Amino acid sequence: MIENILVVGCGAMGSQIAMVGALAGYRATAYDLDPAALDRAAAALRARLDRDVARGRRTRSDVDAAFDRLGFTTDLDTAAATADVVIEAAAEDLDVKRQVFARLDAIAPAHAILATNSSAIVSSQLAGATTRPDRVCNLHFFNPALVMRCVEVVGGPHTSPATVDAVVDLARRLGKEPVVLRREIPGFVANRILNAVRDEAIFLLEEGVASVEAIDTACRAALGYPMGPFELMDLTGVDIGYHAKLARYAASNDPRDLPSRTVTELVARGDLGRKTGAGFYNYDDRGDRHVH
Ligand SMILES: NC(=O)c1ccc[n+]([C@@H]2O[C@H](COP(=O)([O-])OP(=O)(O)OC[C@H]3O[C@@H](n4cnc5c(N)ncnc54)[C@H](O)[C@@H]3O)[C@@H](O)[C@H]2O)c1
Numbered sequence: 004m005i006e007n008i009l010v011v012g013c014g015a016m017g018s019q020i021a022m023v024g025a026l027a028g029y030r031a032t033a034y035d036l037d038p039a040a041l042d043r044a045a046a047a048l049r050a051r052l053d054r055d056v057a058r059g060r061r062t063r064s065d066v067d068a069a070f071d072r073l074g075f076t077t078d079l080d081t082a083a084a085t086a087d088v089v090i091e092a093a094a095e096d097l098d099v100k101r102q103v104f105a106r107l108d109a110i111a112p113a114h115a116i117l118a119t120n121s122s123a124i125v126s127s128q129l130a131g132a133t134t135r136p137d138r139v140c141n142l143h144f145f146n147p148a149l150v151m152r153c154v155e156v157v158g159g160p161h162t163s164p165a166t167v168d169a170v171v172d173l174a175r176r177l178g179k180e181p182v183v184l185r186r187e188i189p190g191f192v193a194n195r196i197l198n199a200v201r202d203e204a205i206f207l208l209e210e211g212v213a214s215v216e217a218i219d220t221a222c223r224a225a226l227g228y229p230m231g232p233f234e235l236m237d238l239t240g241v242d243i244g245y246h247a248k249l250a251r252y253a254a255s256n257d258p259r260d261l262p263s264r265t266v267t268e269l270v271a272r273g274d275l276g277r278k279t280g281a282g283f284y285n286y287d288d289r290g291d292r293h294v295h
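Numbering (our numbering), first residue to last: 4 to 295.
Okay, here's the thing in structure tokens:
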């Protein structure tokens with residue numbers, strides 16, 4: 004039975020994943036190498052949940068009880084010793100993750116499941132760093148983890164069905180909607196579909212078929228998307244998608260995975276979206292969007 008959740012890496016994702024666990028009634032510990040990351044996470048979570056209480060979305064007593072169940076630490080040995088499941092949300096770097104998995108394997112109880120929140124690294128690249136490949140899998144949350152309901156659960160050939168079942172059950176108890184993949188594929192399901200839509204949107208733009216605004220409007224008004232692909236790229240950062248494409252190309256060597264001409268030009272100009280005041284759209288000082 005899962006009682007204690009350890010989250011390794013307390014950045015944008017790990018901090019909220021730990022909070023999701025504590026809110027669902029688990030004892031959750033967030034570990035990070037960097038004490039400043041833990042301080043930032045604790046302050047950001049407090050502010051966010053205080054806002055939820057002020058808006059009537061949660062009760063003060065639920066939030067206080069969740070914080071009582073949530074710990075922050077730089078002491079991995081102690082935190083891992085009682086973990087029933089570990090969710091790794093450290094840097095997106097294969098070597099870092101392999102080192103983390105090898106260390107966790109040495110110190111976590113034999114029954115503990117080791118899951119990675121990686122957006123792109125499948126767990127078969129990590130399982131070999133452990134002596135418990137049957138208890139290694141992907142558990143992929145979406146940003147912001149406190150809000151987004153979907154999680155993707157991906158077992159590899161090494162993962163036991165019991166591990167997948169336990170992680171699916173955990174996801175449901177966390178209030179999430181698990182999507183189980185039948186086999187591993189980099190990028191999983193949701194982000195692959197998002198990327199395909201992005202690629203088509205850029206194709207239509209580069210072919211001169213329609214403007215940025217027209218394509219975004221079609222996605223919102225015809226397909227019911229909350230945001231068009233160009234608006235979304237400007238929000239998340241044009242450079243993030245650019246680097247994701249380069250990483251995919253490095254793995255596949257398939258020229259179709261290279262970043263598009265338009266995105267490459269925007270990154271070269273430093274027009275990275277909302278954060279720089281320009282991307283596919285321009286943004287004024289108030290953050291209002293204007294067509295180029
Ligand atoms: N940001 C997203 O939108 C998103 C969405 C889904 C999944 N992910 C995945 O989640 C993981 C974390 O992403 P993030 O955006 O939270 O990153 P982040 O940079 O905000 O946080 C990473 C944290 O990990 C810590 N860290 C680095 N190496 C460590 C180690 N060896 N041991 C312990 N802590 C370590 C860093 O100090 C940092 O606090 C990545 O694998 C990423 O692919 C990110």
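Quick reminder that beta carbons are idealized off the backbone N, C-alpha and C, glycines included.
Values in this document were obtained by computation on a predicted structure and should not be read as measured data.
If you run the structure through DSSP and keep just helix, strand and coil, what is Tyr228?
Translated into the one-based positions of the sequence shown, residue 228 becomes position 225. If DSSP states are grouped into helix, strand and coil, Tyr228 belongs with coil.
Note down the Cα distance separating Gly276 from Ile243, rounded to an integer number of angstroms.
Translated into the one-based positions of the sequence shown, residue 276 becomes position 273. Translated into the one-based positions of the sequence shown, residue 243 becomes position 240. Going by the C-alpha atoms only, they are around 10 Å apart.
Could you tell me the boundaries of the alpha helix (DSSP H) in which Phe70 lies?
Taking the sequence shown and counting its residues from 1, the one referred to as residue 70 is at position 67. Segment Arg63 to Arg72, the alpha helix (DSSP H) holding Phe70.
For Thr265, does the three-state DSSP call read helix, strand or coil?
The sequence position of residue 265 within the sequence shown is 262, counting from 1. Note: Thr265 maps to helix in three-state DSSP.
Assuming Thr119 is part of the beta strand (DSSP E), what are its boundary residues?
Taking the sequence shown and counting its residues from 1, the one referred to as residue 119 is at position 116. Start and end: Ile116 to Thr119.
To the nearest angstrom, how far is it from the Cα of Arg138 to the Cα of Gly280?
Locating residue 138 in the sequence shown gives position 135, where the first residue counts as 1. Locating residue 280 in the sequence shown gives position 277, where the first residue counts as 1. Rounded to whole angstroms, Arg138 to Gly280 spans 45 Å at the Cα level.
Can you give me the Cβ contacts of Tyr29 inside the same chain, cut-off strictly under 6 Å, excluding the 5 residues immediately before and after it?
The residue given as residue 29 occupies position 26 in the sequence shown. For Tyr29, where only same-chain residues beyond five positions count, the Cβ hits under 6 Å are Ile8.
Who are the near neighbours of Pro296 in its chain, counting only those whose CB is closer than 8 Å to its CB and skipping five residues on each side?
With the chain covering only 4 through 295, there is no way to say anything about residue 296.
What is the DSSP secondary structure of Glu95, reduced to helix, strand or coil?
Position 92 of the sequence shown, counting from 1, holds the residue named residue 95. In the structure shown, Glu95 sits in coil (DSSP, three-state: anything other than H, G, I, E or B).
Identify the continuous alpha helix (DSSP H) that holds Val212 and give its terminal residues.
Taking the first residue of the sequence shown as 1, we reach residue 212 at position 209. Here Val212 belongs to no alpha helix (DSSP H), and DSSP marks it neither H nor E.
Taking only heavy atoms of ligand 1 into account, decide whether any of them is closer than 7 Å to the Cβ of Cys140.
Position 137 of the sequence shown, counted from the first residue, corresponds to residue 140. Every heavy atom of ligand 1 is 7 Å or more from the Cβ of Cys140, so no.
With respect to the beta strand (DSSP E) encompassing Pro181, which residues constitute its N-terminal and C-terminal limits?
Here residue 181 is taken as the residue at index 178 of the sequence shown, counted from 1. Glu180 to Leu184 is the extent of the beta strand (DSSP E) around Pro181.
What's the gap between the Cα of Lys179 and the Cα of Val212?
By one-based count along the sequence shown, residue 179 stands at place 176. By one-based count along the sequence shown, residue 212 stands at place 209. Roughly 39 Å between the two C-alpha positions.
Do the segment 171-185 and the segment 97-104 meet, that is, are 3 or more Cβ pairs less than 8 Å apart?
no
Give a single yes or no on whether Cys153 has its beta carbon closer than 7 Å to a heavy atom of ligand 1.
Translated into the one-based positions of the sequence shown, residue 153 becomes position 150. Result no, Cβ not under 7 Å from ligand 1.
Please indicate yes or no: does the CB of His3 lie closer than 7 Å to some heavy atom of ligand 1?
Because the chain spans 4 through 295 in this model, residue 3 falls outside it and cannot be assessed.
Excluding the 5 residues flanking Thr267 on each side, which residues of the same chain have their C-beta closer than 8 Å to its C-beta?
Translated into the one-based positions of the sequence shown, residue 267 becomes position 264. So the list reads Tyr245, once near-sequence residues are dropped.
Any contact between the segment 143-160 and the segment 123-132? By contact I mean 3 or more CB pairs, one from each, below 8 Å.
yes
Nonlocal neighbours in the same chain, by C-beta distance under 8 Å from Glu95, ignoring five residues either side
The residue given as residue 95 occupies position 92 in the sequence shown. Ser121, Ser122, Ala123 and Ile124, listed in sequence order.
Hey, is the segment 51-60 in contact with the segment 196-207, meaning 3+ C-beta pairs nearer than 8 Å?
no
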